[in-house]
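What follows is a set of notes on a single structure, which appears directly below.
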Amino acid sequence: MGGPEMAQTPQRSSRPGGAVTPLDLAALEAALDHRFVDLGLLTRALTHASYVNEHPPQVSQDGLAFVGDAALGLVIAQRLLARAPDAPAGVLTPARAAVVSGTNLARWAAALGLGELVRLGRGEDQTGGRARESILATTLEAVLGVIYLEGGLDAVRRAIDGLVPETT
């Protein structure tokens, strides 16, 4: 399926707690080439720690971001190794780090509309959190974590193939 260019841009939900609407979900699934099975897990991936602080006992996206970061790193490492099988780790490691930089992750997350979907605490929301690089990057990693848990590395690879240009 396609990359971050979606037929309809997801809109911030007017529902309490920033719940993901069916339009948001369909656009996100199309862009990532993944049908989310556990919407509770997806909601957790879209839940920033600032929201959890104001709405206990919610759980933040941090654990899922940890998993997503690892899956993303592995997929990019495999892609780089396939392109340059004889390259030493000293070349591949910085190349992988450049691809999965916070700046790139934030750019891809913004293209997916994740800034509009992430659940933030009031203060974080009012101070520009929806556009903050670190929040966008972590949210994308968390969503990739859900994709990994639901569909494995092949599902993450499909999602990344739609986001990350082959030239990287």
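Final position of the sequence shown in numbering that gives the first Met the number 0 is 167; the numbers increase by one with none missing.
Heads up, the beta-carbon is just placed ideally off N, CA and C, and yes, glycines get one too.
Residue from the options with nearest C-alpha to residue i
{"i": "Phe65", "options": "Pro56, Val142 and Glu123", "result": "Val142"}
{"i": "Gly169", "options": "Thr137, Leu73 and Arg129", "result": "This structure gives no information on residue 169, because the portion of the chain shown stretches from 0 to 167."}
{"i": "Ala48", "options": "Ala76, Asp124, Asp23 and Val36", "result": "Asp124"}
{"i": "Ala108", "options": "Pro93, Ala44 and Ala94", "result": "Ala44"}
Contact set for residue i: own chain, Cβ-Cβ below 6 Å, skip 5 residues either direction
{"i": "Ile146", "result": "His33, Ala154, Val155 and Ala158"}
Residues of its chain near residue i, where Cβ-Cβ distance is below 8 Å and the 5 sequence neighbours each way are ignored
{"i": "Thr46", "result": "Gln57, Val58, Ser59, Gln60, Val117 and Arg118"}
CB contact flag (residue i, residue j, <8 Å)
{"i": "Leu162", "j": "Ala70", "result": "no"}
{"i": "Leu139", "j": "Leu104", "result": "yes"}
{"i": "Glu132", "j": "Thr102", "result": "yes"}
{"i": "Val99", "j": "Ile75", "result": "yes"}
Assigned exposure category for residue i - 16 Cβ within 10 Å defines buried
{"i": "Leu169", "result": "No information on residue 169 is available, as it lies outside the stretch 0 to 167 that the chain covers here."}
{"i": "Arg121", "result": "exposed"}
{"i": "Gly67", "result": "buried"}
{"i": "Pro164", "result": "exposed"}
{"i": "Thr42", "result": "buried"}
Contacts around residue i, its chain only, beta-carbon distance under 7 Å, and the 5 residues preceding and following it disregarded
{"i": "Ala96", "result": "none"}
{"i": "Pro87", "result": "none"}
### Task
Pair every Cβ in the segment 46–62 with every Cβ in the segment 79–87, then say whether three or more of these pairs are closer than 8 Å.
no
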